[in-house]
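One structure below.
Protein chains: 2
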Amino acid sequence: MTAPLKSIEGTGDLAAAMAAIGRGARTAARILALAPAAQKDHALTAMAAAVRAQAPAILAANAEDADEARKGGATGAFIDRLVLNGARIEGMAAGIETVRGLADPVGTTIDAWTRPNGLNIERVRVPLGVIGIIYESRPNVTADAGALSLKSGNAAILRGGSDSARSSRAIHAALVEGLREAGLPEAAIQLVPTRDRAAVGLMLAGLDGNIDVIVPRGGKSLVARVQTEARVPVFAHLEGNCHIYVDGAAALDMAKTVVLNAKMRRTGVCGAAETLLVDRAIAKTHLKPLVEMLLAAGCEVRGDEATRAIDTRVKTATEDDWATEYLDAIIAVRVVDGVAGAIEHIESHGSHHTDAIVTDDAAAANKFLTEVDSAIVLHNASTQFADGGEFGFGAEIGIATGRLHARGPVGVEQLTTFKYRIRGNGQIRP
Amino acid sequence: MTAPLKSIEGTGDLAAAMAAIGRGARTAARILALAPAAQKDHALTAMAAAVRAQAPAILAANAEDADEARKGGATGAFIDRLVLNGARIEGMAAGIETVRGLADPVGTTIDAWTRPNGLNIERVRVPLGVIGIIYESRPNVTADAGALSLKSGNAAILRGGSDSARSSRAIHAALVEGLREAGLPEAAIQLVPTRDRAAVGLMLAGLDGNIDVIVPRGGKSLVARVQTEARVPVFAHLEGNCHIYVDGAAALDMAKTVVLNAKMRRTGVCGAAETLLVDRAIAKTHLKPLVEMLLAAGCEVRGDEATRAIDTRVKTATEDDWATEYLDAIIAVRVVDGVAGAIEHIESHGSHHTDAIVTDDAAAANKFLTEVDSAIVLHNASTQFADGGEFGFGAEIGIATGRLHARGPVGVEQLTTFKYRIRGNGQIRP
Chain F
0 MTAPLKSIEG TGDLAAAMAA IGRGARTAAR ILALAPAAQK DHALTAMAAA
50 VRAQAPAILA ANAEDADEAR KGGATGAFID RLVLNGARIE GMAAGIETVR
100 GLADPVGTTI DAWTRPNGLN IERVRVPLGV IGIIYESRPN VTADAGALSL
150 KSGNAAILRG GSDSARSSRA IHAALVEGLR EAGLPEAAIQ LVPTRDRAAV
200 GLMLAGLDGN IDVIVPRGGK SLVARVQTEA RVPVFAHLEG NCHIYVDGAA
250 ALDMAKTVVL NAKMRRTGVC GAAETLLVDR AIAKTHLKPL VEMLLAAGCE
300 VRGDEATRAI DTRVKTATED DWATEYLDAI IAVRVVDGVA GAIEHIESHG
350 SHHTDAIVTD DAAAANKFLT EVDSAIVLHN ASTQFADGGE FGFGAEIGIA
400 TGRLHARGPV GVEQLTTFKY RIRGNGQIRP
Chain X
0 MTAPLKSIEG TGDLAAAMAA IGRGARTAAR ILALAPAAQK DHALTAMAAA
50 VRAQAPAILA ANAEDADEAR KGGATGAFID RLVLNGARIE GMAAGIETVR
100 GLADPVGTTI DAWTRPNGLN IERVRVPLGV IGIIYESRPN VTADAGALSL
150 KSGNAAILRG GSDSARSSRA IHAALVEGLR EAGLPEAAIQ LVPTRDRAAV
200 GLMLAGLDGN IDVIVPRGGK SLVARVQTEA RVPVFAHLEG NCHIYVDGAA
250 ALDMAKTVVL NAKMRRTGVC GAAETLLVDR AIAKTHLKPL VEMLLAAGCE
300 VRGDEATRAI DTRVKTATED DWATEYLDAI IAVRVVDGVA GAIEHIESHG
350 SHHTDAIVTD DAAAANKFLT EVDSAIVLHN ASTQFADGGE FGFGAEIGIA
400 TGRLHARGPV GVEQLTTFKY RIRGNGQIRP
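Protein chains in written order, with numbering that gives the first Met the number 0: chain F, 0 to 429; chain X, 0 to 429.
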């Protein structure tokens with residue numbers, strides 16, 4: 000049995016303890032910002048080895064978490080996310096090694112130019128500083144977020160879900176061993192040692208300026224709390240109400256393949272399609288086979304009048320359906336007037352996350368890609384490609400639905416900012 | 000005399016009026032995001048012409064503002080910022096033409112790559128959407144901010160200072176004439192038609208999601224209010240506590256020229272140096288001539304013990320002095336132990352805005368440029384180059400002191416975000 004949770008609950012001094020975590024993170028961030036790539040990679044290699052070596056301790060801690068959750072009446076899906084096994088631990092270790100293999104973004108030159116007065120200006124990548132990550136009871140996020148933060152030169156303050164506190168602590172111990180082996184400060188990756196939800200509020204307030212950005216990874220109640228309370232920038236993931244539009248110039252075969260994948264590959268991911276739009280021009284030939292394919296795949300279909308007319312199993316779509324992220328085997332279907340009608344529907348009802356068009360008409364595709372104001376727009380490809388790994392980012396900390404700084408998958412590059420480095424030979428300003 | 004201010008005060012429905020402004024801006028933003036560069040440039044040309052043509056009306060409105068301010072007991076400096084004349088109006092018109100001459104950032108490809116599965120991914124610039132600009136009584140900001148927002152494809156909601164309300168309204172009328180002539184929506188640049196400060200609160204709350212970013216341009220009380228109330232991202236300008244460090248390997252002549260310019264060219268700008276750090280290794284040869292030069296130029300010098308020892312006119316610097324942005328002819332001076340000592344001082348006391356080193360030692364320069372964590376770091380050049388125009392950005396809406404998205408001068412490029420445009424030929428995700 001693992002030791003009882005090291006805790007700062009009940010000490011009456013949560014604020015002081017959290018402030019100390021913030022200061023420690025800031026100090027570590029200054030060191031990390033200047034750490035050579037080889038030293039960070041050394042730590043990541045050692046972290047992966049420590050996760051593997053400490054698998055028994057991690058599994059034991061996780062078993063206690065799972066027991067407690069089961070006694071507390073958690074759902075099967077919740078337990079499934081929480082429970083670790085040998086394969087999942089190996090997945091975590093391999094994930095850390097994937098991050099180690101990425102190019103180090105820190106110090107790279109984004110842009111450089113020389114002014115008429117001879118000043119040479121460079122824009123170079125630097126870390127954001129301290130990242131606060133607030134997540135639910137998925138223990139693997141502890142490893143993922145810690146590794147990504149370190150690779151990008153940032154200190155991390157991790158606040159995991161209460162139900163996986165022991166698991167997170169055991170995984171965190173392995174990460175710290177990796178930091179130690181590489182001679183990096185242990186405060187580079189800190190785990191908030193309390194289940195007290197007031198700690199989340201203190202993080203959202205920024206810990207006296209010692210958190211530069213918050214990454215919330217959780218359900219709607221966390222997101223709502225973050226929206227209300229955060230006093231620092233947030234990389235938030237809101238909704239993925241994604242659309243797939245089958246244009247009049249779409250080949251039916253490709254439309255069927257792409258629509259089925261976009262909706263049914265995994266229904267619970269943010270890139271899953273929630274609404275199918277079909278061009279009125281080909282409704283006669285394409286709508287019925289698409290709807291029948293979806294029904295045959297076990298997908299509930301909620302349609303407008305035109306869609307209901309082709310199959311009695313189609314239920315009625317209401318206005319709410321156009322705005323709903325089902326995250327389930329349900330799809331809303333509507334017939335629209337060409338690409339302009341599709342764009343109008345998406346801009347009125349979508350969440351600006353990921354939207355796709357299937358068409359052989361290059362002009363229609365360009366219009367869609369230009370006019371749909373979403374983080375990710377695709378032509379002839381599944382919406383389920385909305386993923387940092389699929390973009391080639393190697394790993395991601397989430398998909399940002401805000402418009403500023405990070406939009407779409409948030410990988411190591413998105414975890415950096417920049418500064419201007421200017422070299423002169425005595426220039427003064429007239 | 001101009002007509003009384005069109006106002007929504009006292010109608011009891013400020014919230015509804017502001018919400019309508021937000022919706023109008025969002026609709027205009029969708030049109031602006033797709034407007035060709037030529038159409039935006041047409042509008043900017045027409046705006047500059049209208050500002051020149053309507054100079055008499057603008058001057059008359061400004062005279063009323065100035066009268067009211069004088070009767071209200073405004074200071075000379077305040078009146079100076081408020082009052083327009085023919086040259087200042089020509090400056091505004093020329094400023095709009097400068098913005099017109101910039102490259103259109105919208106639609107440019109930032110990055111592009113092809114995945115092993117054949118998906119072609121492009122990262123392209125798109126406008127931010129709707130920008131809310133809250134500023135004090137500098138009427139020229141109405142023209143500057145309106146022109147920069149339009150060029151970058153964004154709708155603008157302008158909330159100018161109460162004391163320049165008539166001037167802003169007259170300038171705004173000229174901008175709207177330009178929009179009209181180019182066939183762009185008049186709601187592309189809206190001026191909040193009330194002096195009620197509650198309008199600022201509504202803007203900071205985001206007008207029902209219809210403001211994407213807030214740019215505050217004002218004093219400390221506005222910045223404090225924004226920090227507390229803003230529920231949308233902010234490009235804030237906090238402090239510019241800038242340093243200039245004269246290294247042991249600095250040539251005295253260059254050090255004198257650069258220090259004098261950094262401190263005294265204009266003392267009220269954010270890039271003005273506030274603290275001079277001198278390497279102990281050359282204090283004997285360099286400190287006295289630098290201090291005497293500053294005193295001779297009319298600058299008050301507040302120094303540490305070593306600095307006070309060389310001239311009796313040097314006052315005592317306290318801990319507060321190291322953290323103060325004087326924006327005046329005052330400088331704090333301290334002797335430090337080499338570049339490491341300078342970096343330690345700057346990281347402990349600075350505001351991460353702009354800092355410079357003077358040295359002939361390339362290694363010292365590189366250390367400084369790498370380790371000082373400021374938006375702008377310079378080698379052998381004046382801190383007063385902290386300016387969008389001097390960077391070649393043509394024009395700026397301000398200098399951002401945050402770390403995310405925009406850092407340093409905020410020009411048209413910084414007023415854009417990006418989206419991913421992906422082209423496939425039927426790819427589905429395994």
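A virtual CB, placed ideally from N, CA and C, is assigned to each residue, including glycine. Note that the structure is a prediction, hence the values are computed from the model and not measured.
Our two residues, K150 of chain F and R224 of chain F, have alpha carbons roughly 29 Å apart in a direct line. The beta carbon of F234 of chain X sits no closer than 7 Å to any beta carbon of chain F.
Using a 10 angstroms sphere on the CB of I109 of chain X, the tally of other CB atoms stays under 16, which defines it as exposed. When DSSP states are grouped into helix, strand and coil, I57 of chain F belongs to the helix group. Inclusion of E370 of chain F and I398 of chain F in the CB contact set at 7 Å is not warranted, their separation being larger than that value. Only buried fits R402 of chain F, as 16 or more other CB atoms lie within 10 angstroms of its CB. Contacts with chain F at 7 Å (Cβ-Cβ) include T416 of chain X. At least one CB atom of chain X sits nearer than 7 Å to the CB of A380 of chain F. If you look at V258 of chain X, you'll find it in the alpha helix (DSSP H) that goes 251-263. When X:V222, X:A229, X:L221, X:Q189 are compared, the shortest CA-CA separation from L201 of chain X is found for X:A229. In the three-state reduction of the DSSP assignment, L275 of chain F falls in the strand class, which pools E and B. C-alpha of I95 of chain F to C-alpha of A36 of chain F: approximately 15 Å in a straight line. Counting only runs that start and end inside the region 334-402 of chain F, the alpha helix (DSSP H) elements of at least 4 residues fall at 337-348, 361-370, 387-390. For K314 of chain F, DSSP records a beta bridge to F:R301. Residue nearest to H351 of chain F within the set F:D360, F:R406, F:T311, F:A56 is F:R406 (criterion: CA-CA distance). When the Cα atoms are used, G71 of chain F and R165 of chain F turn out to be separated by approximately 16 Å. Membership of T141 of chain F in the alpha helix (DSSP H) is indicated by the continuous run 139-150. For G340 of chain F and A280 of chain F, the gap between their C-alpha atoms comes out near 12 Å.
About 5 Å separates the beta carbons of L118 of chain X and G423 of chain X, which is inside the 8 Å limit, making them a contact pair.
Beyond the five residues adjoining it in sequence on each side, D327 of chain F comes within less than 7 Å, by CB distance, of T266 in the same chain, given in chain order. Pairing L127 of chain X with T416 of chain X gives a Cβ-Cβ distance under 7 Å.
The C-beta of T400 of chain X has 16 or more other C-beta atoms within 10 Å across all chains shown, which makes the residue buried. Relative to L81 of chain F, the option among F:D66, F:I356, F:V268, F:E89 whose CA is nearest is F:D66. A Cβ of chain F is located within less than 7 Å of the beta carbon of V376 of chain X.
DSSP lists X:T113, X:R422 as the bridge partner or partners of N119 of chain X. Around the CB of T315 of chain X, fewer than 16 other CB atoms lie within 10 Å, so the residue is classed as exposed.
In terms of Cβ geometry, K255 of chain X and M292 of chain X form a close pair [threshold 7 Å]. Among the CB atoms of chain X, one or more fall inside 7 Å of the CB of R114 of chain F. Taking A47 of chain X as the centre and dropping the five residues before and after it, the same chain places the C-beta of A92, I95, E96 closer than 6 Å to its C-beta, in chain order.
Closest in C-alpha terms to G388 of chain X, from the list X:G337, X:V222, X:V98, comes X:V98. Distance from the CA of A249 of chain X to the CA of I156 of chain F, rounded to the nearest whole angstrom, comes to 41 Å. Here the alpha carbons of L237 of chain F and G217 of chain F stand approximately 10 Å from one another. In the three-state scheme derived from DSSP, where H, G and I count as helix and E and B as strand, A229 of chain F is classed as coil. Taking a C-beta cut-off of 7 Å against chain X, none of the residues of the region 87-98 of chain F qualify. By the Cβ neighbour-count rule, N84 of chain F is exposed, with fewer than 16 other Cβ atoms within 10 Å of its own. Straight-line measurement puts the Cα of A374 of chain X at about 10 Å from the Cα of G239 of chain X.
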